[in-house]
Amino acid sequence: MTESGGPPHRRRRSRRRSRARVRRVLLVGLVVVSVLLAAGGWVGFRGWQARAHLLNAAGLAQELSTQVVGGDVARAQRTLAALQEQAAAARSATGDPGWWLGQQTPYAGDDLAAVRQIAVAVDDLARLAFPTLLRVDLASLVPKEGKLDLGRLRAVSAEVSAADQAVRRTGERLRAVDADDLVGQVRDAVSGLRTELDRLGELTSAADQGARLLPALLGADGPRSYLLVSQNPAELRATGGMFGAHAVLRAEGGRIRMSGQNSASSLGSFTPPLPVSPELRRLWRNLPGTFPADVNLSPDFPTAAALYREMVRRRTGATVDGVLAVDPLVLSYLLAVIGPVTVPDRPSLAGSTVVRTLLSDTYRTLDNAEQDVYFARAASAVFDALFTKAVNPRALLTVFNRSIAERRILFWSAHPAEQRVLGDSRLAGKLREKDTVPTVGVFLNDGSGAKLGYYLRFSATVTVGDCQPDGRRELRLRVTVHSTAPQSGLAKSVTGLALSGDPYTARTLVSVYTPTGGAVLGGRLDGRDTAMGSGTAGSRQVTVATVEVKPGRTRTLDVTLLTGKTSAGTAELVLTPTVTPWTTQVVSAPSCDQ
9 MTESGGPPHR
19 RRRSRRRSRA
29 RVRRVLLVGL
39 VVVSVLLAAG
49 GWVGFRGWQA
59 RAHLLNAAGL
69 AQELSTQVVG
79 GDVARAQRTL
89 AALQEQAAAA
99 RSATGDPGWW
109 LGQQTPYAGD
119 DLAAVRQIAV
129 AVDDLARLAF
139 PTLLRVDLAS
149 LVPKEGKLDL
159 GRLRAVSAEV
169 SAADQAVRRT
179 GERLRAVDAD
189 DLVGQVRDAV
199 SGLRTELDRL
209 GELTSAADQG
219 ARLLPALLGA
229 DGPRSYLLVS
239 QNPAELRATG
249 GMFGAHAVLR
259 AEGGRIRMSG
269 QNSASSLGSF
279 TPPLPVSPEL
289 RRLWRNLPGT
299 FPADVNLSPD
309 FPTAAALYRE
319 MVRRRTGATV
329 DGVLAVDPLV
339 LSYLLAVIGP
349 VTVPDRPSLA
359 GSTVVRTLLS
369 DTYRTLDNAE
379 QDVYFARAAS
389 AVFDALFTKA
399 VNPRALLTVF
409 NRSIAERRIL
419 FWSAHPAEQR
429 VLGDSRLAGK
439 LREKDTVPTV
449 GVFLNDGSGA
459 KLGYYLRFSA
469 TVTVGDCQPD
479 GRRELRLRVT
489 VHSTAPQSGL
499 AKSVTGLALS
509 GDPYTARTLV
519 SVYTPTGGAV
529 LGGRLDGRDT
539 AMGSGTAGSR
549 QVTVATVEVK
559 PGRTRTLDVT
569 LLTGKTSAGT
579 AELVLTPTVT
589 PWTTQVVSAP
599 SCDQ
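Structural data, given as structure tokens:
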């Protein structure tokens, strides 16, 4: 025996086996490294290909959206063919084993997975959603010369629903991609596609709802009637403006006609008041159930519409099937499509001037009763023209889509099954019961009986703040109110009740709704602590601040909020529609789980 414990020939065989194992390990290592290097080069080459195809596809998708809405079917078909080619190539370039292997690597793996998701999403849109939208005649979703082709509408309903589902599935898949840590180009691509899908989703969702609801709404199964309500944003209310006037729309067999105009003031007041929820009463006492002008102090349009419908029923005996609300800006959008219309005993209304005519000029020449009559006649004249003139249906669809996106057209059905189809869409005019992104509501009510809303300008900024130990997130909201009102020369019907001796001071009640499960931490007006009312609306806390602003001045309201439990680094604003659009900004931050 030697010191090593074995004969020399065994030691030599052992050393040879060890060297062989080392050579095999080195050989395997070299092969793996070679494969990884080759795969990396292959993935880089395929990534370059995918990037080129995706950029081409993105441009074609935007072009195709414009052509679909514009009705240029011939060009849209050619664009679709090119889009499908580019989208399929991008999907192929990101779908081979080398790309899959690259997705498993640290650092670059997330980027490659996101690029793959984008490629799949664009290809699904090109194969599933856009072809259906081209087959469907979107013009069938709007009335033509006062009548809707209900048979055609029912025929396309299934296809519209399929397109909407394809857009929704693609959007959900992209929202599942965590884009915060992605490289800039990939992150921007994900963000851009999400935005485009949200825009397209609003259109397909509205089309799907319309295809499912319109036959019944327009009397396919029997006559229907609705209140057409004009909201007046010169006298602010949370949903847009005071209900100033109404008319009755009657529908049967797809044909629409208008009758019975009246003003909200003709309904008087209600004692005892109509019942309202305890939450609503804590914020606004019994005002919404007492005065027709106050039914929409809350931003929940279904509540306001149901109250107004019952007030009309009690005063007139007429029971309608729903309430449709519009404002003067919707009339301006419609007039831009159908052309000027005449109102008995008044100048013609044109798209470029109707807002100023209705919300400013009228107050200098008419008293309150005459104003209400004129508003009702103006809305009726515009809708009569819409129902009788030959109008470009695709242009009309664009007007409806814009008005719904801006929350200027609101609809409530008294039939629960139909209302469930509307859900929490913008057309329904309500905040979601549960946020997908922390949502802050800012809603406005005039507090003085004045009609100075025409002269007010608003801005809102939400800054996403720190993550809290309990999983919540701080949000800092800033709202500014600026008055462009003159210091003299307005009619008393405009200035309302004098405040502190100055009838030109506008008083606005600003209601702030927290995200679901959130809380209000405090508020300051022009940098000083200010008293604020408080209440709740479902799972949201509500605070109300009074902001008075003189002509030419600006006031700033700061409110600090907490979200419910969330890791999101962004937020969404829902606002009262005003005469001049809000200036808004959301300042995002990294998500809390980073």
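The sequence shown runs contiguously to residue 602 in my numbering.
Just so you know, even glycine gets a beta-carbon here, dropped at the ideal spot from N, CA and C.
Taking the CB atoms as reference points, tell me whether residue i and residue j lie closer together than 9 Å.
i      : j      : result
Pro286 : Ala312 : no
Gly509 : Leu439 : no
Gly560 : Gln495 : yes
Ala301 : Ala333 : no
Ala214 : Ser433 : yes
Val555 : Val518 : yes
Leu221 : Val198 : no
Tyr341 : Arg410 : yes
Arg245 : Asn453 : yes
Thr551 : Arg480 : no
Ala96  : Asp119 : no
Pro310 : Gly437 : yes
Leu236 : Ser73  : no
Val587 : Leu337 : yes
Ala134 : Leu91  : yes
Asp335 : Pro585 : yes
Gly531 : Ala553 : yes
Ala387 : Ala255 : yes
Pro307 : Tyr463 : no
Could you check where the alpha helix (DSSP H) with residue i kicks off and where it finishes?
i      : result
Tyr512 : Unbroken run through Tyr512: none, as it is neither H nor E.
Asp392 : Asn376 to Thr396
Met319 : Phe309 to Thr324
Val582 : Not the alpha helix (DSSP H): Val582 falls in the beta strand (DSSP E), residues Glu580 to Leu583.
Ala95  : Val81 to Ala101
Pro336 : Pro336 to Ile346
Pro286 : Pro286 to Trp292
Gln173 : Leu158 to Arg183
Leu141 : Phe138 to Arg143
Leu435 : From DSSP, Leu435 is part of no alpha helix (DSSP H); its letter is neither H nor E.
Val502 : Lys500 to Thr503
Ala425 : Pro424 to Leu430
For residue i, collect the residues of the same chain with a Cβ closer than 6 Å to its Cβ; drop the 5 residues on either side in sequence, then sort them by chain order.
i      : result
Trp292 : Leu305
Gly262 : Lys155, Leu156, Leu158 and Leu226
Val43  : Reliability fails at Val43, whose pLDDT of 37 lies under 50, so the model's placement of it is uncertain and the value that follows must be treated cautiously. Closer than 6 Å at the Cβ level, and outside the excluded window around Val43, lies no residue.
Gln239 : Gly248, Gly249, Ala333 and Asp335
Whole-angstrom Cβ separation of residue i and residue j, contact assumed at under 8 Å?
i      : j      : result
Gly192 : Arg416 : In fact, because the Cβ distance is near 37 Å, the residues do not count as touching under 8 Å.
Val144 : Phe408 : 16 Å between Cβ atoms; not a contact.
Gln125 : Val185 : 5 Å
Helix, strand or coil: how does DSSP classify residue i here?
i      : result
Ile417 : coil
Asn266 : The amino acid at residue 266 is misidentified as Asn; the sequence shows Met. Three-state result, Met266: strand.
Asp329 : coil
Ala553 : strand
Ala597 : coil
Ala47  : Reliability fails at Ala47, whose pLDDT of 38 lies under 50, so the model's placement of it is uncertain and the value that follows must be treated cautiously. Three-state result, Ala47: helix.
Gly218 : helix
Lys442 : coil
Thr574 : coil
Lys155 : strand
Asn453 : strand
Thr113 : coil
Pro589 : coil
Asn409 : helix
Looking only at its chain, what residues have a beta carbon closer than 7 Å to the beta carbon of residue i, apart from the 5 residues adjacent to it on each side?
i      : result
Asp80  : none
Glu318 : Leu282
Leu142 : Val76, Val81, Ala84, Gln85 and Leu88
Glu71  : Thr87
Ala413 : Glu210 and Arg434
Trp590 : Phe466, Ser467, Ala468 and Leu583
Arg608 : The requested residue 608 is not part of the displayed model; the chain covers only 9 to 602.
Ala358 : Leu343 and Pro348
Going along the chain, which residues of its own chain have a beta-carbon closer than 8 Å to the beta-carbon of residue i, five neighbours each way excluded?
i      : result
Thr592 : Ser467, Ala468, Thr469, Leu581 and Leu583
Pro231 : Arg258, Ala259 and Glu260
Ser169 : Asp216, Ala219 and Arg220
Leu201 : Ala66, Ile126, Ala129, Val130 and Leu182
Gly52  : Bear in mind that the predicted position of Gly52 carries a pLDDT of just 48, short of 50, making it too unreliable to give a figure here.
Asp537 : Gly530 and Gly531
For chain D, find out if any of its Cβ atoms is closer than 9 Å to the Cβ of residue i; answer yes or no.
i      : result
Ala219 : You won't find chain D in this structure, because it holds only one protein chain.
Looking at the secondary structure, which residues open and close the beta strand (DSSP E) in which residue i lies?
i      : result
Ala468 : Leu464 to Cys475
Val487 : Arg481 to Ser491
Arg258 : Met250 to Glu260
Pro355 : Arg354 to Leu357
Gly543 : Gly541 to Ala545
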